[in-house]
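**Student:** Residue numbers (my numbering): 287 to 603.
Here you go:
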């Protein structure tokens with residue numbers, strides 16, 4: 287749900303902080319517009335900004351805090367943030383999903399848009415912060431339905447519970463988009479967690495993780511996904527520092543950039559996407575290789591804070 291903008295401006299935002307809920311919100315203007323809602327949850331501090339028809343969700347009130355979600359309520363099919371379009375790279379590997387799991391709700395853009403394009407898709411969303419769903423519903427146009435359910439529980443706990451069901455539910459697409467503070471909670475990045483997650487993947491399933499490619503943590507994340515799933519491909523954002531790590535079930539082949547672009551054109555026509563999936567396919571970096579000097583992230587060793595503060599240059603395709 288989180289995005290960094292090295293080159294683009296933002297119009298609105300929802301801000302979260304570690305504190306008790308305040309009774310009222312004073313008018314506050316930023317680059318995102320006027321703050322229309324502020325709530326301090328148990329996990330972070332939530333602020334919603336409004337500029338015309340554009341609402342923005344931000345965790346934190348500082349200008350440098352990153353945006354979680356952004357929606358133009360007058361044009362809901364328009365993706366305001368590059369990363370949400372990038373999650374649709376999953377369709378290049380499975381264009382007919384029957385079941386979707388999303389870890390992290392934010393403004394609800396990803397499950398909302400997946401529901402729009404796939405009306406019969408069964409969607410589960412795991413969101414640990416119970417303050418998020420009412421905000422996504424009131425300010426961002428998100429709605430649940432009989433086949434789109436939000437579970438207010440930690441993502442790893444939800445995965446464990448699903449694996450105990452009989453039969454175990456299998457997902458065709460799993461999207462990891464859970465952020466707390468300024469990065470992904472470390473317990474949702476480790477080898478042990480990904481091995482649990484792998485148990486929920488269908489035989490034609492794909493896992494897409496929203497991460498950043500601008501720090502050394504990216505190399506550790508890539509290596510960890512590769513260790514668990516055996517194959518992983520990276521899509522680098524153009525207008526942001528976001529990247530999608532795409533890991534595949536054994537039955538799905540890796541794509542060349544030419545194959546990705548060709549598939550994107552077919553899916554674009556078949557699904558009727560409102561944005562350019564071919565552009566997203568062009569972000570595939572087939573030169574991404576594991577770094578021998580970094581270690582796999584584990585429950586016992588996940589030095590997230592140290593690695594995410596060290597910037598790196600992206601691998602060029």
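By construction, the Cβ of each residue, glycine as well, lies at the ideal position given by its N, Cα and C atoms. Bear in mind that the values here come from a model prediction, so they are computed numbers and not experimental data.
Which residues bound the beta strand (DSSP E) around residue 403?
**Tutor:** Careful: residue 403 lies outside any beta strand (DSSP E), inside the alpha helix (DSSP H) at 395-403.
**Student:** Given residue 293, which residues of its chain have a CB within under 6 Å of its CB, disregarding the five upstream and five downstream residues?
**Tutor:** With a pLDDT of 35 at residue 293, under the threshold of 50, the modelled position of that residue is not reliable, and the figure given next carries that caveat. Around residue 293: 525.
**Student:** How many Å lie between residue 497 and residue 529 at the Cα?
**Tutor:** Between residue 497 and residue 529, the C-alpha separation is close to 5 Å.
**Student:** Report the residue from 501, 455, 406 and 333 whose alpha carbon sits nearest the alpha carbon of residue 486.
**Tutor:** Ranking the options by Cα distance to residue 486, first place goes to 455.
**Student:** Below 8 Å CB to CB, which residues in the same chain sit around residue 381 once its five sequence neighbours on both sides are set aside?
**Tutor:** The answer, listed in chain order, is 549, 552, 553, 556 and 557.
**Student:** When we look at the beta-carbon of residue 331 and count the other beta-carbons within 10 Å, is it buried (16 or more) or exposed?
**Tutor:** That one is buried.
**Student:** Tell me the rounded alpha-carbon separation between residue 579 and residue 540.
**Tutor:** The alpha-carbon atoms of residue 579 and residue 540 are separated by roughly 25 Å.
**Student:** Whose CA, out of 411, 368, 365 and 371, lies closest to the CA of residue 445?
**Tutor:** It is 411.
**Student:** In chain order, what are the residue ranges of uninterrupted beta strand (DSSP E) at least 3 long that sit wholly in the segment 369-439?
**Tutor:** Segments of the beta strand (DSSP E) lying fully in the segment 369-439: 385-389, 408-412 and 434-437.
**Student:** Who are the Cβ neighbours of residue 587 in its own chain at under 6 Å, not counting the five residues just before and after it?
**Tutor:** There are no such residues.
**Student:** State buried or exposed for residue 422, treating a residue as buried only when at least 16 other CB atoms are found within 10 Å of its CB.
**Tutor:** Buried is the call here.
**Student:** So the beta strand (DSSP E) residue 345 belongs to, where does it begin and stop?
**Tutor:** Run containing residue 345: 340-345, per the beta strand (DSSP E) assignment.
**Student:** Mark residue 340 as exposed unless 16 or more other C-beta atoms lie within 10 angstroms of its C-beta, in which case mark it buried.
**Tutor:** Buried, by the Cβ-count rule.
**Student:** Indicate the three-state DSSP secondary structure (helix, strand or coil) for residue 534 in the structure shown.
**Tutor:** Correct three-state label for residue 534: strand.
**Student:** Taking 8 Å as the CB-CB cut-off, is residue 560 touching chain B?
**Tutor:** Reference to chain B is not applicable here, since this structure consists of a single protein chain.
**Student:** At what residues does the beta strand (DSSP E) containing residue 548 begin and finish?
**Tutor:** Counting along the chain, residue 548 falls outside any beta strand (DSSP E), though it belongs to the alpha helix (DSSP H) covering 543-553.
**Student:** Could you tell me the distance, in whole angstroms, from the CA atom of residue 501 to the CA atom of residue 424?
**Tutor:** Cα-Cα distance, rounded: 35 Å.
**Student:** Measure from the alpha carbon of residue 415 to the alpha carbon of each residue in 439, 403, 581 and 429, then state which is nearest.
**Tutor:** For the residues 439, 403, 581 and 429, the minimum Cα distance to residue 415 belongs to 439.
**Student:** Among 390, 372, 430 and 426, which residue has its Cα nearest to the Cα of residue 413?
**Tutor:** Among 390, 372, 430 and 426, the Cα nearest to that of residue 413 is on 390.
**Student:** Closer than 6 Å by C-beta to residue 387: which residues in its own chain qualify, once you throw out the five before and the five after it? Chain order, please.
**Tutor:** Only 410, 457 and 460 meet the Cβ criterion.
**Student:** State the beta-bridge partners of residue 521 as determined by DSSP.
**Tutor:** Residue 521 pairs with 530 and 570.
**Student:** Hey, how far is the Cα of residue 519 from the Cα of residue 567?
**Tutor:** Their Cα atoms are separated by approximately 11 Å.
**Student:** Beta-carbon within less than 6 Å of residue 546's beta-carbon, same chain only, minus the 5 sequence neighbours each way: which residues are those?
**Tutor:** Same-chain partners within the cutoff: 378, 567 and 570.
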